[in-house]
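Residue numbers (our numbering): 237 to 546.
Below is one structure; the comments refer to it alone.
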């Protein structure tokens with residue numbers, strides 16, 4: 237996949253079949269849409285293209301709304317590269333681009349710069365200055381501009397439409413298994429192992445404290461999770477359990493992400509860590525003593541081991 241961060245000088249020479257959206261998470265609905273783009277491009281003997289944005293458009297048009305993200309740009313590009321798409325263009329979305337009408341955007345960006353001949357849009361995708369127009373208007377503008385506009389139907393799972401917002405809602409409630417079904421892969425977060433206060437070690441459960449790469453990355457609801465952990469560039473994956481929360485038993489109020497990795501020994505501070513969420517065991521609780529907490533952690537660990545042994 238060729239990735240292009242656009243500037244004023246970039247022009248796509250080969251004609252393309254394209255789709256446009258933010259593609260946060262590159263979930264099953266996105267992959268269904270991209271598969272249709274790939275099929276149409278093959279049938280039309282043209283290149284395929286995904287058009288996305290460097291940052292979420294809502295960050296520009298809504299000053300008081302900054303949705304948490306399922307994927308960073310690097311993660312999104314890695315997932316898109318696995319779809320087989322030929323080109324991925326990341327547009328720099330700013331106030332000037334936000335001010336373009338749908339027709340102006342289709343003419344100056346899609347036609348003149350990106351050479352889009354066919355545009356397949358998602359069932360709920362809207363673009364242009366105030367997003368007041370929809371498929372019928374885009375199709376009419378396309379006829380004027382030489383762009384065939386096609387509407388993709390929704391991807392549904394168990395009768396429900398899959399979207400990034402639905403997945404965010406699942407994760408915000410700790411429903412990581414439901415999120416995985418929609419994503420097509422376990423939700424993951426990445427970051428660096430940092431020093432903690434070592435309360436877990438005192439209880440017999442040493443943990444890797446994690447600093448997440450991007451503050452905009454969505455962290456699931458507080459609680460205890462069965463997870464898979466991967467350290468740095470190693471191909472090895474470790475069974476583990478992770479606690480997200482404020483450690484109420486110790487009177488803390490800072491949210492930490494602590495992972496107890498089964499069987500892992502050695503110094504890992506400063507190393508990269510990737511956590512994939514498999515199952516939520518329970519919510520965050522305050523215990524009456526450290527001994528009571530330790531007993532619960534032993535129970536949690538046994539539950540995680542049983543889960544991964546199946």
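C-beta atoms are modelled at their ideal positions from N, C-alpha and C, and glycine is treated no differently.
Legend entry - Proximity below 8 Å, CB of residue 458 to CB of residue 528: Translated into the one-based positions of the chain shown, residue 458 becomes position 222. Translated into the one-based positions of the chain shown, residue 528 becomes position 292. In this structure, residue 528 does not lie closer than 8 Å to residue 458 by Cβ.
Legend entry - Sequence-distant residues of its chain with Cβ nearer than 8 Å to residue 382 (five each side left out): The sequence position of residue 382 within the chain shown is 146, counting from 1. Cβ neighbours of residue 382 beyond the five flanking positions: 347, 353.
Inset, instruction - Output yes if chain C places a C-beta closer than 8 Å to the C-beta of residue 379; else output no. - result: The structure shown has no chain C; it contains just one protein chain.
Inset, instruction - Compare the C-alpha of residue 241 against each of 493, 327, 500, 281 and name the closest. - result: Here residue 241 refers to the residue found at position 5 when the chain shown is read from its first residue. When only C-alpha atoms are compared, the closest one is 327.
Inset, instruction - Please determine if the stretch 247-266 and the stretch 300-318 are in contact, where contact requires at least 3 C-beta pairs separated by less than 8 Å. - result: yes
Inset, instruction - Look at the alpha carbon of residue 514 and the alpha carbon of residue 480, and state the distance between them as a whole number of angstroms. - result: Taking the first residue of the chain shown as 1, we reach residue 514 at position 278. Taking the first residue of the chain shown as 1, we reach residue 480 at position 244. For residue 514 and residue 480, the distance between alpha carbons rounds to 14 Å.
Legend entry - Identified DSSP bridge partners for residue 513: Looking up residue 513 in the chain shown gives position 277. In the DSSP output, where bridge partners are listed per residue, residue 513 has 463.
Inset, instruction - Using 7 Å as the cut-off, classify the Cβ of residue 499 as near or not near the heavy atoms of the ligand HEM, replying yes or no. - result: Summarising the ligand content, the structure contains no ligands, and the ligand HEM is consequently not present.
Legend entry - Rounded separation between residue 397 and residue 358 - CA only: Position 161 of the chain shown, counted from the first residue, corresponds to residue 397. Position 122 of the chain shown, counted from the first residue, corresponds to residue 358. Approximately 12 Å, taken between the alpha carbons.
Legend entry - For residue 357, three-class secondary structure by DSSP: On the chain shown, residue 357 is found 121 positions in, with the first residue counted as 1. Three-state result, residue 357: strand.
Inset, instruction - Using beta-carbon positions only, say whether residue 425 and residue 511 come within less than 8 Å of one another. - result: Translated into the one-based positions of the chain shown, residue 425 becomes position 189. Translated into the one-based positions of the chain shown, residue 511 becomes position 275. Yes. Within cutoff.
Legend entry - Collapsed DSSP secondary structure at residue 450 in the structure displayed: The residue given as residue 450 occupies position 214 in the chain shown. It is coil, neither helix nor strand.
Inset, instruction - Please state if the CB of residue 497 and the CB of residue 462 are separated by a distance shorter than 8 Å. - result: For the purposes of this step, residue 462 is taken as residue 226 along the chain shown, with counting starting at 1. For the purposes of this step, residue 497 is taken as residue 261 along the chain shown, with counting starting at 1. No.
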